[in-house]
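Take a look at the structure below.
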Amino acid sequence: MNTRLRSLVVAALSLYLWGAVAAGAAGEVTLGGSFHLIDQDGKPRTDADFRGAYPLIYFGFTRCPDLCPRSLGTMTAALDELEQRAPDKAGRVTPIFITVDPERDDAATIKSYIAAFHPRLVGLTGAAEEIDRVTRDYGAFYAPVPQQGGDYAMDHSGFILLMGPAGEYLTHFESSVGAEELARELEQRVAP
Ligand code: NI
Numbered sequence: 076m077n078t079r080l081r082s083l084v085v086a087a088l089s090l091y092l093w094g095a096v097a098a099g100a101a102g103e104v105t106l107g108g109s110f111h112l113i114d115q116d117g118k119p120r121t122d123a124d125f126r127g128a129y130p131l132i133y134f135g136f137t138r139c140p141d142l143c144p145r146s147l148g149t150m151t152a153a154l155d156e157l158e159q160r161a162p163d164k165a166g167r168v169t170p171i172f173i174t175v176d177p178e179r180d181d182a183a184t185i186k187s188y189i190a191a192f193h194p195r196l197v198g199l200t201g202a203a204e205e206i207d208r209v210t211r212d213y214g215a216f217y218a219p220v221p222q223q224g225g226d227y228a229m230d231h232s233g234f235i236l237l238m239g240p241a242g243e244y245l246t247h248f249e250s251s252v253g254a255e256e257l258a259r260e261l262e263q264r265v266a267p
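Numbers in my numbering are just positions in the sequence shown, counted from 1, shifted up by 75.
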């Protein structure tokens, strides 16, 4: 996709997320909710498994050429930084990668992909309908983009969501956030 079209898509996705967050402030729509997915070891995982932690969630797909590796790299570097400054707080943050391409991203594929990032990164996949629902509930967006030869890529929102220990939405970060800034924000938001 060319740069101009991509920036239009990114702007539209930001508005989409912002709409959900703004509606949440009015008490009508909130981000978050229950899910039933499968982790990189094939083990069933639900939102309840992450109660008490601060899930730091990113939606993407393992074949993503740029946005996903960069964002997961930022999350990893931010947690490494927080580990140095406030190890107890770092330990309470659970980084999570949820695929928007469950057809190609099975547990084994995700497992080998996330090995390049933070050692505590949890990778989640699941049934297409469940991925569709969790993506929507958490304010994310994705859309397949056909490519030559019958292949496809995925356009997707690139923000990083921070949820609280009761599963509540706390805040989100744009994909352009730096590791240093993300670490600082996490240090402020995570309870001692
Ligand atoms: Ni991506």
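Just so it is clear, CB atoms sit at the ideal spot from N, CA and C, and this is done for glycine as well.
Do residue 173 and residue 125 have their beta-carbon atoms positioned less than 8 Å apart in this structure? No; because the gap between Cβ atoms is not below 8 Å, this pair is not in contact.
Report the rounded CA-to-CA distance for residue 199 versus residue 185, giving the unit in angstroms. Taken atom to atom, the span from the alpha-carbon of residue 199 to that of residue 185 is near 8 Å.
In this structure, how does DSSP classify residue 99 when only helix, strand and coil are distinguished? Reliability fails at residue 99, whose pLDDT of 48 lies under 50, so the model's placement of it is uncertain and the value that follows must be treated cautiously. Here residue 99 sits in helix by DSSP.
Opening and closing residue of the beta strand (DSSP E) in which residue 213 lies: For residue 213, no beta strand (DSSP E) segment is defined, and its DSSP state is neither H nor E.
Assign residue 228 to one of three DSSP states: helix, strand, or coil. Three-state result, residue 228: strand.
First and last residue of the alpha helix (DSSP H) that includes residue 151? Per DSSP, residue 151 belongs to the alpha helix (DSSP H) from 142 to 160.
Can you check DSSP and say which residues form a bridge with residue 218? Looking at the DSSP output, residue 218 sits in a beta bridge with 230.
Residue 258 versus 127, 151, 139, residue with shortest Cα-Cα distance: Comparing Cα positions, the closest option is 151.
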